[in-house]
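Numbering (my numbering), first residue to last: -7 to 158.
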Amino acid sequence: MNASITLVVLMAVMYGTGVYVMLEKSLTRILIGFLLVGNATNLLIFLMSGRSGSSPIIDGGTADAPMVDPVPQVLMLTAIVINFGVTAFILALIYRSWWLSNLGDEGDDVIAGEEEQDAAEADQAHEFHQSLEGDDDAVRAVLGEGSGAGDDDDDEPSEQERDVMR
């Protein structure tokens, strides 16, 4: 058998196997099928690129030799990158579905526990703000403004304010 005939048969087997495996319901099998179809596509582009030759960069002495078309190489590189991106996306889907299926009944408890914890934290924050609103004298004492009852209206700072400024 010729090398190109072998690659054509291999490409056809990879396409057929990849499509057959992708028809299953399992995401893992879909991933394997997608990888097979992607590699078969790379083989197809490689086979369609034509005969081998010199590089498309002319260095003066090899101008008469047949040159390779760089477009199929660029297409194959693009196909590899797209295949990698879709593979990463399918792997993320597989992980997410595994995480949701293995969480099972515990998942509802975890989500309910987080909601209860968030509600408790919101109640604590509300109580804290209510306590600050009701105790204006304590807030003024902390800020150094005095109680407000005996304030004189002169612009000179008190001894506490002078100590704080130093």
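All residues carry an ideal CB built from backbone N, CA and C; glycine is no exception. All of these numbers come straight from a predicted model, not from anything done at the bench.
Neighbour-count burial assignment, residue i, 16 or more Cβ in a 10 Å radius
i   : result
I37 : buried
G25 : buried
A32 : buried
V13 : buried
G10 : buried
Alpha-carbon spacing of residue i relative to residue j, whole angstroms
i     : j    : result
L83   : H118 : 43 Å
V78   : P58  : 36 Å
L67   : S93  : 39 Å
L39   : E107 : 58 Å
M3    : L95  : 40 Å
F76   : L28  : 12 Å
L(-1) : S89  : 36 Å
A71   : G30  : 7 Å
A111  : R21  : 42 Å
A80   : D115 : 42 Å
E16   : S44  : 39 Å
E113  : Q122 : 14 Å
S(-4) : W91  : 44 Å
S109  : F120 : Reading off the sequence shown, one finds Gln at residue 109, where the question assumed Ser. Q109 and F120: Cα-Cα distance of roughly 17 Å.
Residue nearest to residue i in terms of C-alpha spacing, selected from the options
i   : options              : result
Q65 : A4, E16, G42         : G42
S18 : L85, Q109, V5        : L85
Y87 : L23, F120, D61, A111 : L23
N34 : M6, D155, E148       : M6
Cβ of residue i within 9 Å of any chain D Cβ
i   : result
L28 : Protein chains in the displayed structure number just one, and chain D is not present.
Curious, which full-length alpha helix (DSSP H) runs of at least 4 residues does the stretch -6 to 47 contain?
For secondary structure counted as the alpha helix (DSSP H) over 4 or more consecutive residues, the stretch -6 to 47 holds these complete runs in sequence order: -5 to 14, 19 to 40.
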